[in-house]
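Working notes, structure below.
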Amino acid sequence: MAECGEILEGFLCPICKADLGSEHQLRIHFQDEAHKEHQDVFKSLKDVFEKAKKKILKIDDEVYVPEFSSNVVPISEPHSSTLFRFEPQEIGEFRCHTAYFRELRNKRLERYTAETNKLLIRLGKLMLDLPVDPLKRKTHEQAIVPWIDDRDVKLCPSCARSFNMMRRKHHCRLCGAIMCHDCTRFLELSEAKKMINMSFGSDGEPNEGASTSIVKNFPPFRPLGRSSSNNSLNSVLSLVDAKTGEQHLRLCIHCKELLETREKLKETRNLKPIISQFYERLQLYITEVDQLCTLYCKMCQSLNCGEKTHTVVEAQELRGKILTLAGSIDNLSKKIAILGTKDVENPPKGRTLQLQQNIKIATNYYLKDRVIGLPSVPTELAFKSLQESRR
């Protein structure tokens, strides 16, 4: 190649300079009988090729291995759930978002509270001097809450369906919005009266957000009157519940949800947990037992001295009453101990379960100390002998 100045490429035989086209053909060519005399050259080239191949494969296997060799965990090692073990990282910079969260929450709560209070004020004004005639009632409702013009709304805002002869437009009595009959919610006048009355305190003063112009007690609702026209009949039917026959107000979904949320919040605040109710009853039983035990000890002391202030029968009846209350205390403490344990999805645990068990243990100690150690009542014969000795 050097003499002719040509540069040859491909799978060339180093002896005869023939291009074999592939590695396989080149190996066969080297093993041919024609090159037996060059076996030494073939072996040397083969050794060089094998060494180079091993070296290349070894380099490929060791890529990135030195960097992670100290962290690799053997697969056969027990209690190893991950392939690599990383050193624990130090806690970096952190930022507290509590103040930002409270700011957003307060703004949202203020907005919902303002909307709910506005609805309650409007509801109170609607129910004050509510006309009996349906046509006059409509005028009364529009005077307090302006209704949106029918021409401005083509689709129902809640379900996005168009209005037609079968799907008429209706107005919310608290916000004046338009909706279809399927998206309408109804509020009975008795419930509305209850909501308005609950917005006042027990002393008659309005609570926060209540209107000062609304009286606390509304007059009883009178039955609706109507004229002989068909429109009047339809108006009366639209203001009365078909099932209960009670008068109601037509509301939209948003206004009804705000009022219901307020009612649920009041019920949650006023409702005591069942464990608190059980514990209050338990304390009443314990207080009554303490009073009866004190009286029983005085009666036993008087009988053992031979006094005629009390009788043996009275003391025995009092002791039976104490034992009955003690049984009630024991049963109630057992109920508290197993309260909610049968609930598979949300059983009591942690401090709640420990509190229930502690109530049961404290009750057992109380019964042993207070009831079981009561003095016994003397028999009739013993009481008579005590009286004779006292004389």
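First residue of the sequence shown: 1, per full-length UniProt numbering; consecutive thereafter.
C-beta: ideal position from N, C-alpha, C; glycine also.
Query, Result
"Kindly indicate the opening and closing residues of the alpha helix (DSSP H) around F101.", "T98 to M127"
"Whose CA, out of Q247, K169, I121 and M166, lies closest to the CA of L137?", "According to the sequence displayed, residue 137 carries Arg and not Leu. The shortest C-alpha separation from R137 is found at Q247."
"To the nearest angstrom, how far is the alpha carbon of D290 from that of A326?", "11 Å"
"Whole angstroms is fine: what's the gap from L249's alpha carbon to M165's?", "23 Å"
"Report, in whole angstroms, the separation of the C-beta atoms of M127 and K193, which I expect to be a contact under 8 Å.", "7 Å"
"Going by alpha carbons, who is nearest to S376 out of C300, L258 and L339?", "C300"
"On the CB-based measure, 16 or more other CB atoms within 10 Å of its CB, does S190 come out buried or exposed?", "exposed"
"Since F278 is in the alpha helix (DSSP H), which residue starts that stretch and which ends it?", "I274 to N304"
"Between which two residues does the beta strand (DSSP E) harbouring R250 extend?", "H248 to L251"
"Around the C-beta of C172, are 16 or more other C-beta atoms found within 10 angstroms, so that it is buried, or is it exposed?", "buried"
"Tell me whether D369 sits in a helix, a strand or coil according to DSSP, three-state version.", "helix"
"Using DSSP with H/G/I as helix, E/B as strand and the rest coil, what is F11?", "coil"
"If you reduce the DSSP assignment to three classes, tell me which class F383 lands in.", "helix"
"Given this structure, state the Cα-to-Cα distance separating V48 from E23, to the nearest angstrom.", "15 Å"
"By the DSSP assignment, the beta strand (DSSP E) with L187 in it spans what residues?", "R185 to E188"
"DSSP on S376, reduced to helix/strand/coil?", "coil"
"Considering only C-alpha positions, which residue in the set Y365, L374 and K335 is nearest to Q356?", "K335"
"Mind checking whether L187 and K118 have CB atoms under 8 Å apart?", "no"
"Have a look at D343, R370 and T268 and flag the residue whose alpha-carbon is nearest the alpha-carbon of E288.", "R370"
"Please work out which residues of its chain come closer than 6 Å, Cβ to Cβ, to residue 406, disregarding the five sequence neighbours upstream and downstream, and give them in chain order.", "Shown here, the chain extends from 1 to 391; a query on residue 406 therefore has no answer."
"Go to H140, then tell me how far its alpha helix (DSSP H) extends in each direction, as first and last residue.", "P134 to I144"
"Using CA coordinates, which residue listed in E380, I253 and L26 is at the minimum distance from R185?", "I253"
"If you count every other CB in all the chains shown that lies within 10 Å of the CB of L284, and 16 or more means buried, which is it?", "exposed"
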